[in-house]
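Peer 1: Please read through the structure below; I'll follow up with questions.
Protein chains in written order, with this note's numbering: chain A, 328 to 562; chain B, 52 to 395.
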């Protein structure tokens, strides 16, 4: 009986150790990695954009932005084309007009390129996962046709003929041929924090609220406007 | 020897932990592997119970007047009899017929037009639809948080009282996944416990010949979308799957519904246009409307003599599963706080 006890205890300890080892290892690795932040910074030509700030279009119209939100996913850091790190998060929501909600955390490792998907892939769109950034309370999910809004741009423009001069671009869709997600690549340097410029003016040089003020469902129009939105990320 | 004891002991403890899961998930042996990913989201008795209360509770609607069960009644195989088009909040009428709900673990895409890509996502559609429950997840969370009972049930199910959209839709899905219908006369004939009558047998033959490519056994749907030749409704102008995908080849395609429990799930088709199975057969034998996307199976006219139609209907009635319809585990919860006024 005594022998059983000793033997049994011995086994319990071995099992406990095996169970705890991965956690301990993980913590060790995480403690050793330090992080830095990458912040999306909306710009109107060279001027930082804020909510409801009056922005001047080339044709003389003015506009104000109320929402500039988008998903980023498949965050990857590369060094000379070689993948050094890949995020395991399903997607992050960037609320670009609110600096406290527009940064992502990256490990501080040697790298010179940041690559990510603007939008969410079709697997995430169909996963039935509504946790965290994917919670419909963020207003980025279409319940009537299940799929995420990948890019949301809203505001008012003097020339927009919609009600209350409001323009609303809800760009999303994951079904071919009207999928709205694409990879962008951004050269980065080392350093504490990285600023990723978002050239908002480029979008409005291609999409005029006066001509098209309203896109709210997946399809040809949404895909075209999404391509314009991608131009915001070009260096 | 001692080691053996320990291993046996550990095994027993482990199995006890999984006991609940084994009891509530009993897929029929003659069904294919389910589509729903039970590894990611294992069924538990607590979540199924919570999901059932939510399903029957009008708290999910803006003015607490409508529950899921208002449109999906257990006694109609979770469809809505007496309504061709669904009947929602403030007596608003929708544009489609509420389909029967069963064997959802084997279904990849939902709604007549493919609008929902996951059972979790599906629940958000009726909840937020202004014609149906007209409510927002934030408000539901607020209302549920005021109920001590729900806080307790969420804690039992998820380990803490935190209520989220995700937890609500997962629980609703878990209850709906337990709605398995696989105990009809057809099933008993297939595993040799009963026999078809001569009439049912002839109906089965005709069914295999004309209907089974789309209404495929044993689920009685191939989970695809087809144009079965219904003439378009000039008022509803429903383009089916095209509405969602914007692909011309999807114009007028609708989900192939299961035919299990058709006896209970009338009226039929996406807009509830037919009240009886004979009207449905009348469509397949003489009412097919030709258009570019008409299914290839229906290009040649289907010919069925009157007695053959009777036989085919006799076969369809062997798909009725009374144990499913009257299973108290699926039916309305006993407690009187959950008594959704039926909509009629």
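For each residue, glycine too, the CB sits at the ideal point set by N, CA and C.
According to DSSP, is residue 552 (chain A) helix, strand or coil?
Peer 2: In this structure, residue 552 (chain A) counts as helix in the three-state DSSP scheme.
Peer 1: What residues in the region 292-312 of chain B have a beta carbon less than 9 Å from any beta carbon of chain A?
Peer 2: 294, 295, 296, 297, 298
Peer 1: Can you tell me the Cβ-Cβ gap for residue 221 (chain B) and residue 98 (chain B), rounded? I've got them flagged as a contact below 8 Å.
Peer 2: 7 Å
Peer 1: Just checking: is the beta-carbon of residue 86 (chain B) within a distance shorter than 8 Å of some beta-carbon in chain A?
Peer 2: no
Peer 1: To the nearest angstrom, how far is it from the Cα of residue 67 (chain B) to the Cα of residue 211 (chain B)?
Peer 2: Residue confidence is low: residue 67 (chain B) scores 47 on pLDDT, short of 50, so the model does not pin down where it sits. Its coordinate-derived value is still stated next. Each residue's alpha carbon lies about 22 Å from the other.
Peer 1: Which of the three DSSP states is assigned to residue 313 (chain B) in this structure?
Peer 2: coil
Peer 1: Rounded to the nearest angstrom, how far is the Cβ of residue 113 (chain B) from that of residue 184 (chain B), given a contact under 8 Å?
Peer 2: 7 Å
Peer 1: Is residue 546 (chain A) close to chain B? Criterion is C-beta to C-beta, closer than 8 Å.
Peer 2: yes
Peer 1: According to the neighbour-count rule (16 or more other Cβ atoms, all chains shown, within 10 Å of its Cβ), is residue 356 (chain A) buried or exposed?
Peer 2: Interpretation of residue 356 (chain A) is limited by its pLDDT of 45, a score under 50 that renders its predicted location unreliable; no figure is taken from the coordinates.
Peer 1: Going by DSSP, what residue range makes up the alpha helix (DSSP H) through residue 191 (chain B)?
Peer 2: Start and end: 188-196.
Peer 1: Considering just the uninterrupted stretch of the beta strand (DSSP E) at residue 483 (chain A), what are its terminal residues?
Peer 2: Run containing residue 483 (chain A): 474-484, per the beta strand (DSSP E) assignment.
Peer 1: Given a threshold of 16 other Cβ atoms within 10 Å of its Cβ, counted over all protein chains shown, does residue 562 (chain A) qualify as buried or as exposed?
Peer 2: By the Cβ-count criterion, residue 562 (chain A) is exposed, with fewer than 16 other Cβ atoms from all chains shown falling within 10 Å of its own Cβ.
Peer 1: Counting contacts by CB-CB distance shorter than 8 Å, is residue 240 (chain B) in contact with chain A?
Peer 2: no
Peer 1: Give me whichever residues DSSP pairs with residue 383 (chain A) in a beta bridge.
Peer 2: A:389
Peer 1: Between which two residues does the beta strand (DSSP E) containing residue 440 (chain A) stretch?
Peer 2: In the DSSP assignment, residue 440 (chain A) falls within the beta strand (DSSP E) that extends over 440-445.
Peer 1: Under the assumption that residue 394 (chain A) contacts residue 481 (chain A) (Cβ atoms under 8 Å), give the Cβ distance between them as a whole number of angstroms.
Peer 2: 4 Å
Peer 1: Does residue 458 (chain A) get closer than 8 Å to chain B when you measure Cβ to Cβ?
Peer 2: yes
Peer 1: What's the call for residue 383 (chain A), buried or exposed, on a 16-neighbour Cβ count within 10 Å?
Peer 2: exposed
Peer 1: Against chain B, does residue 502 (chain A) count as a neighbour if the rule is that its beta carbon must be under 8 Å from one of theirs?
Peer 2: At a cut-off of 8 Å between beta carbons, residue 502 (chain A) contacts chain B.
Peer 1: Using the beta-carbon count (16 or more within 10 Å), is residue 377 (chain B) buried or exposed?
Peer 2: exposed
Peer 1: With DSSP run on the structure shown, which of helix, strand or coil describes residue 431 (chain A)?
Peer 2: Strand at residue 431 (chain A).
Peer 1: Taking only beta carbons into account, state which residues of the region 359-375 of chain A come closer than 9 Å to chain B, listed in chain order.
Peer 2: none
Peer 1: Say whether chain A places a C-beta atom closer than 8 Å to the C-beta of residue 321 (chain B).
Peer 2: no
Peer 1: Using CA atoms only, rank isn't needed, just tell me which of A:547, A:440, A:469, A:446 is closest to residue 173 (chain B).
Peer 2: Nearest option by C-alpha distance: A:469.
Peer 1: Could you check where the alpha helix (DSSP H) with residue 529 (chain A) kicks off and where it finishes?
Peer 2: Counting along the chain, the unbroken alpha helix (DSSP H) around residue 529 (chain A) starts and ends at 527-533.
Peer 1: Could you spell out the range, first to last residue, of the alpha helix (DSSP H) harbouring residue 511 (chain A)?
Peer 2: Note, residue 511 (chain A): premise wrong, no alpha helix (DSSP H); beta strand (DSSP E) at 509-514.
Peer 1: Does the region 511-531 of chain A touch the region 543-560 of chain A, meaning 3 or more C-beta pairs lie closer than 8 Å?
Peer 2: yes
Peer 1: Can you pull out the residues from the region 519-543 of chain A whose beta carbon lies closer than 9 Å to at least one beta carbon of chain B?
Peer 2: none
Peer 1: Can you tell me the Cα-Cα spacing of residue 483 (chain A) and residue 91 (chain B), whole angstroms?
Peer 2: 43 Å
Peer 1: Run the CB neighbour count on residue 161 (chain B), radius 10 Å, all protein chains shown included, and call it buried at 16 or more, exposed below.
Peer 2: Residue 161 (chain B) is buried by the Cβ-count criterion.
Peer 1: Which same chain residues end up closer than 8 Å to residue 214 (chain B) when comparing Cβ atoms and leaving out the 5 residues on each side of it in sequence?
Peer 2: Here the set comprises 192, 195, 196, 201, 202, 205.
Peer 1: Can we say the region 143-153 of chain B touches the region 100-118 of chain B, given the rule of at least three CB pairs closer than 8 Å?
Peer 2: No: fewer than three Cβ pairs fall under 8 Å.
Peer 1: How long is the line joining the alpha carbons of residue 120 (chain B) and residue 151 (chain B), rounded to whole angstroms?
Peer 2: Separation of residue 120 (chain B) and residue 151 (chain B) (C-alpha to C-alpha, rounded to the nearest whole angstrom) is 11 Å.
Peer 1: In whole angstroms, what separates the C-alpha of residue 89 (chain B) from that of residue 275 (chain B)?
Peer 2: 22 Å
Peer 1: Only counting the same chain, and skipping five residues up and downstream in sequence, which positions put a Cβ closer than 7 Å to that of residue 256 (chain B)?
Peer 2: none
Peer 1: Go to residue 362 (chain B), then tell me how far its alpha helix (DSSP H) extends in each direction, as first and last residue.
Peer 2: Counting along the chain, the alpha helix (DSSP H) containing residue 362 (chain B) begins and ends at 357-368.
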